[in-house]
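**Q** Those sequence lines, one after another, are chains A and B.
Read in order, the letters of the first sequence correspond to residues 29 to 393 in this note's numbering.
Read in order, the letters of the second sequence correspond to residues -3 to 390 in this note's numbering.
Glycine included, each C-beta is placed from N, C-alpha and C at the ideal position.
What you are looking at is a predicted structure, and each value in this text was computed from that prediction instead of being measured.
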Amino acid sequence: MSDINTKNFISFENRSFYFVLINLLTFRIFSRLPSLFPKFSGSAAALSALFSGVIAFGVIFLISLSLKKHNSPNLADAAFAVFGKIGGLIVCIISAFCLLLSATVTLGELCHLAKAISFPASPFWFVLLFFAVSAAWGASRGVDALARTHSIFVPVIVLGLIVLIVSTVFRGNLSNLVPIFGSGAEAVFGKGLSGTVMYTDLLVFFLLIPPKSKAPIPLKKILTASATGILLTCLFVLALNLSVSPSIISNDSFPFYLLMKEVYYGRFFQRIDSLMLLISSLSGMLYLSLNASAFSHVAGRIFNPHRQKLIPPFYIAGVSIFTLLANVLSSKIIGFLFFAFAFAGILLVIITLFFAKRRVPDENI
Amino acid sequence: MKIFSIFLAFVLSFSLCGCYDSKEIDETAYIIALGIDKAGSSGFNYTFQFSAPLATTNHEGGGGEKEGDSKENPTVRNVVINAPDFYTAKNLTNNFLSKTVDMSHLKLIVFSASVDQNGFSQHSQFMLREREVRPHTAVALSTATAEEFLKSINPELEANTAKYYELMSLRSNNVYSPTKQLSDFVDEISSESGVSCLPTASPGGVAQPSAIQSSANGWISIGDTNIKSQKARMQGMAVFKKGQPAAVLDGNFAMIYNILNRDIKSCIITLKNPRLKDSFLSFRLNIPHPAEYSLDNTKKPCHIKISQGFDIEFFGNNLPSGFSSYDELFSFADRSITQQISEYFYELSRGCRADIMKIGDSFKKSFLTSEKFLTSSWESMFTSAEFDVDICFI
């Protein structure tokens, strides 16, 4: 690939990858997905989240070990090296679908959340425009710039989430946590596994790490960042479990929004909507930009375009149209496809990295 | 490119102000209370109480009831609409209101007892989901119609009716009435047992309904008192079972509810001196922690132990006549409080058959799954339980 430069990858040389990982593992908090935990597990939602978190952490640990062993094989490159040209193309196409569906679902949910919090009268397309323009703009500035932007905004997002969790967890009702296995061990550890979909966007990270890293793979830092992201998600579900009864959380409600409404510090400080809108929008915009960049990489491997920089704006435009259509038609099919491809994507990462027996040769890059 | 990005940021910053969601305060009508009454076989009467902010500034601190004073509250406007559902009623308000209706200042939702189980459940659930309504909004049950209650509201020493609701309902010093927030109410009535309780709101001048009276056990009962005022009031509590009102308990019972949950931090109780006619003994009770419950279900019927500590203080310079020591005096207070609390639990258990103190939550801990708890017949255990009250003076 001729136009590869290190600025288009997430570098391990500075700490920005740490914040990228945290955002990739936490931005789904702002979606409807956390409602899966109370829906399946009832009073054991926090336990189910913890179980999913442990499974996700285990998978990340294994992947990171494999990464270290093979000295940072970028997923697309590793796929070409392991499965040959056709196999590599198939992996790239599946990854592209994962990214497209994830971006579509994310963009739609971000718009619905923003509308629920602050813009009820605004048309959907108008709210969508904020996210689409910023995502396209962010992606066109390059992955390195995006990663550095993460290191500015992700601490703010994490701080906002901590404020939300602390504000609600101590006012919660401990009896919401019992019986400890809620809807039954089968639901908690069986159906509850679907909660790992919260972390499947890690795929983006593996598509954006450099094929050849000058710095050694910081296994410890990757694991610390992953643990931080997963812990935040688990704490969020715990706060939700304590403060909002599972019977109130329906499929179409945003758990983040329900929890946000519970914040009450007295007469003059009870509506932190603006702060929450800011952190959810920032987190979503950062993810969408990164998603577009990852798509641009994958598309680059499939079509080998000369002007890879032009892909993100067109991709985001396509995602926006797709989101608008999904909003008009049925979001159920999109949701199903998203789930299927999210798991397929992460499975792909595992398979590819585990079968990568040799380091990706330079000439294949 | 740089100029284009600066231009884009500049233009977008304007659109972020919300072209579509702009809201002018003088073009908005704020609902501060909502009354819901059943109307006929289907449909409801919705009483929207709007704030009249200009009148609030001219209306200095509510008012007493001077001769010739209007009973009407000038700081609010009440609008009653009959409609099959809430949103139709809300839309209808714009038939005569030029302003945009906003519920972000809604402080109180009052139901009347005539509303059925579905009415309570549906209205409270969609209110909780409503963007503008906060989960901390207070909920009450009117002993007359909700419309009558809201129309009779004329706050004493308070110009702002919205603030009056907030102070009365959520930061209340009213020992004779419980407080209940919308989120807690929804949570409780949507549970399997549908057990909850709400403060009862009575319009001024309307006789109190036949609430279950406590036998007082030597206390100066709320039944012995009379407020010489036509003002609306909150006193007593309605107990909900299966999501609808099952009984109304008097203010004395509500006081015990508040003490045991530590919804009030301290209160004063006055007891009749059993050894001297027309003599009274007053005590201040500081409540350091909520009551603790332990359950022994190895016995039949099961035994529930209620432990409550108090920091007690006698209001009097000298030892009252008839008592030989302070120990004897405090032992008398102990017996009276124990009796009152016992009576409260037996009323909940045998009369209302509703565990509003959530003792079942401590029982729930001993089960691994919700399904096993639901099949454990907690309700029948509670309704036949024996209660041992253990009072401890710190």
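1. Rounded to the nearest angstrom, how far is the Cβ of B/V72 from that of B/A109, given a contact under 8 angstroms?
2. Residues of chain A with CB closer than 8 angstroms to the CB of B/T365, please, in chain order.
3. Taking 8 angstroms as the threshold (beta carbon to beta carbon), is B/R258 in contact with chain A?
4. The alpha helix (DSSP H) spanning B/M463 covers which residue range?
5. What residues from chain A crowd round B/L124, counting only those whose CB sits closer than 8 angstroms?
6. Go through the segment 274 to 316 of chain A residue by residue and report every complete run of the alpha helix (DSSP H) that reaches 4 residues or more, in order.
7. What residues from chain A crowd round B/P131, counting only those whose CB sits closer than 7 angstroms?
8. With three or more C-beta pairs closer than 8 angstroms as the rule, is the segment 171 to 189 of chain A touching the segment 294 to 313 of chain A?
9. Check the DSSP bridge columns for B/K103 and list the partner residues they point to.
10. Tell me whether A/G373 is buried or exposed, calling it buried when 16 or more other Cβ atoms sit within 10 Å of its Cβ.
11. Go ahead and pull the three-state DSSP assignment for A/S150.
12. Is the number of C-beta pairs between the segment 340 to 355 of chain A and the segment 319 to 329 of chain A that are closer than 8 angstroms three or more?
13. Quick check on B/A228: does DSSP put it in helix, strand or coil?
14. In the DSSP assignment, what residue or residues form a beta bridge with B/S262?
15. Let me make sure I understand the geometry here. Which of B/F116, B/P270, B/V171 and B/T133 has the alpha-carbon closest to that of B/P316?
16. Please name the residue, chosen from A/E214, A/I193 and A/I208, that lies closest to A/T394 on a Cα-to-Cα basis.
17. May I ask you to report which of helix, strand or coil DSSP gives B/S275?
18. Could you tell me which chain A residues have their CB closer than 8 angstroms to the CB of B/D357, listed as they occur along the chain?
19. May I have the straight-line CA-CA distance separating A/K337 from A/L174, to the nearest angstrom?
20. Identify, in the order they occur along the chain, each residue of the same chain with its Cβ nearer than 6 angstroms to the Cβ of B/S100, setting aside the five sequence neighbours on each side.
21. Specify the secondary structure class of B/H132 as computed by DSSP and reduced to three states.
22. What did DSSP end up calling B/M353 once you bin it into helix, strand or coil?
23. Does the Cβ of A/I344 lie closer than 7 angstroms to at least one heavy atom of the ligand FMN?
24. Looking at the unbroken beta strand (DSSP E) that takes in B/G305, where does it start and where does it end?
25. Decide if the segment 143 to 155 of chain B is in contact with the segment 79 to 99 of chain B; the criterion is three or more beta carbon pairs, one per stretch, under 8 angstroms apart.
26. Quick one: Cα of A/F85 to Cα of A/F371, how far?
27. Tell me whether B/V182 sits in a helix, a strand or coil according to DSSP, three-state version.
28. Does any residue of chain A bring its CB to less than 8 angstroms from the CB of B/S186?
29. Does DSSP classify B/T43 as helix, strand or coil?
30. Answer yes or no: does any C-beta atom of chain A fall closer than 8 angstroms to that of B/K86?
31. What does the alpha-carbon distance come out to for the pair A/D390 and B/E367?
32. What are the start and end residues of the beta strand (DSSP E) that includes B/A29?
33. Given B/G392, which residues of its chain have a CB within under 7 angstroms of its CB, disregarding the five upstream and five downstream residues?
34. Which residues, in chain order, does the segment 154 to 183 of chain B contribute to contact with chain D at a C-beta distance below 8 angstroms?
35. So, does the CB of B/S372 fall closer than 8 angstroms to a CB anywhere in chain A?
36. Given this structure, state the Cα-to-Cα distance separating B/E61 from B/T157, to the nearest angstrom.
**A** In short:
1. Not confirmed; about 23 angstroms, so no contact.
2. P207, F209, G210, S211, G212 and A213
3. no
4. With chain B running from -3 to 390 in the structure shown, residue 463 of chain B is simply not present.
5. I276
6. 283 to 289
7. K289 and E290
8. yes
9. Bridge partners of B/K103: none, in fact.
10. buried
11. coil
12. yes
13. coil
14. B/N282
15. B/P270
16. Residue 394 of chain A is absent from the structure shown; chain A starts at 29 and stops at 393.
17. coil
18. S203 and V206
19. 14 angstroms
20. E128
21. coil
22. coil
23. This structure does not include the ligand FMN; it has no bound ligands of any sort.
24. H299 to F311
25. no
26. 15 angstroms
27. helix
28. yes
29. strand
30. no
31. The predicted position of A/D390 is uncertain, since its pLDDT is 47 and thus under 50; no value can be drawn from it.
32. T24 to K34
33. In the structure displayed, chain B extends from -3 to 390; residue 392 of chain B sits before or after that span and is not available.
34. In the structure shown, chain D does not exist; the protein chains are A and B.
35. no
36. Any reading at B/E61 is ruled out, since the residue's pLDDT is 49, under 50, leaving its predicted position unreliable.
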